[in-house]
Structures are given as structure tokens and as C-alpha cells.
Amino acid sequence: VLAMMAGAMMIHGIQPGPRVISSNPSLFWGVIASMWVGNLMLLVLNLPLIGIWVRVLSVPYRFLYPAILLFCCVGIYAVNNNTFDVGLTALLGLLGYVFLRLDCEPAPLILGFVLGPMMEENLRRAMLISRGDPLVLITRPMSLAFLLLAVGLLVVMALPAIRKGRDRAFKEEEA
């Protein structure tokens, strides 16, 4: 949720961070007030409707899931009256299903979408300062340290998967 909020702020040209309180106090206090109002509305609306929500939970997923998909598609179409939006949503839903089947977490992908433009801008700035020489990224100690840290983290993350594959291959040979 935080990554999506930061992405929304960046889309509107607001730099996310602690300075949002001083640079955009109306936005900050508006978010706080909307959270209070939202929680109050949830309390007021959900307390009398607890029985209905319990009955909704007893509906089998084979009926509930298509109904949710239908309402999502109708809502998406209603925003712009464009069938392309519905198709794009279906395509992104299929991509999400593939990620789910591959046990991929969505949070790093969202974080990549949020931080990617900032990283690209700063890489472009570094290339301009170094007159297009990419070696500046490995000749400077600070950037070299961050690159080595990133490579080290990738290796540490990949090792369990590699070991699992090797163990599986050796077990198949023994059997």
C-alpha cells in the first residue's frame, strides 16, 4: 500500500518522504483525515451488517469469484467506456495469475515501478556528469560498493534455488 501511495505521489509530482508534511501539509492532513473518516464509516456501516457479511462468506467461491470479476469489469468499463481497458485488465490479471503460480511476490514489482524512474533519472545524470563513461560506476568507491552489495544480494537470493535444483537432480540420479 505504501509503495502504491508513493507511486501516486510521484505521478502527481510530489516527492514522497518526510518533507511531505512541510511541503504539502494539506495533502498530508487530508490523508490522515480520510483515514479517520474511512475507519469511522467502516465502523458505522459494518457493525449492523455483520450477519450479511457472514452469509456472503458462506457463498461458494465458484459463484463468488465470477461475480467479483463481473463487477470489476463493469466498473473498469464504466470509467472510460472503453473495451480496451477491460482487455488490458484481463491481460494484467493473467500476468498476475502467472506471477502467483510462479510464487513471485507483487511488492518488489510495484517497488520497481515506483523506484525505476528515479533510478533511471539518476543514472542519466551520472552518465551526463561522466560524459557517457559507464566505468564511473565501478571506479568510484561508493557506487562500486553498492553494485557489489546488489550482486551479493542477488547471489544470496539465487543460491537456495540453485541448491534445491541440484539436490533434486542428484536424488533423481540415485533413484
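Everything in the sequence shown is counted per our numbering, starting at 4 for the first residue and increasing by one. Here a beta-carbon is modelled for each residue, glycine too, at the ideal position from N, C-alpha and C. Please read these numbers as outputs of a predicted model, since none were measured by experiment.
Check: For Arg58, which three-state DSSP category applies?
Finding: helix
Notebook entry, point to check: Cβ of Gly10 within 9 Å of Cβ of Phe116?
Noted result: yes
Next item on the list: For my contact list, Leu140 and Leu150 are in at a C-beta cut-off of 8 Å; report their separation, rounded to the angstrom.
Entry: 6 Å
Notebook entry, point to check: Does the region 155-167 come close enough to the region 44-51 that 3 or more CB-CB pairs lie under 8 Å?
Noted result: no
Note to self: At 4 residues or longer, what runs of the alpha helix (DSSP H) sit wholly inside the region 57-145?
What the structure shows: 64-83, 86-104, 109-132, 139-142
Margin query: For Met12 and Gln18, I'd like the C-alpha separation in whole angstroms.
Written below: 7 Å
Next item on the list: Pick out whichever of Gly90, Leu5, Ala93, Tyr100 has its Cα sitting closest to the Cα of Val34.
Entry: Leu5
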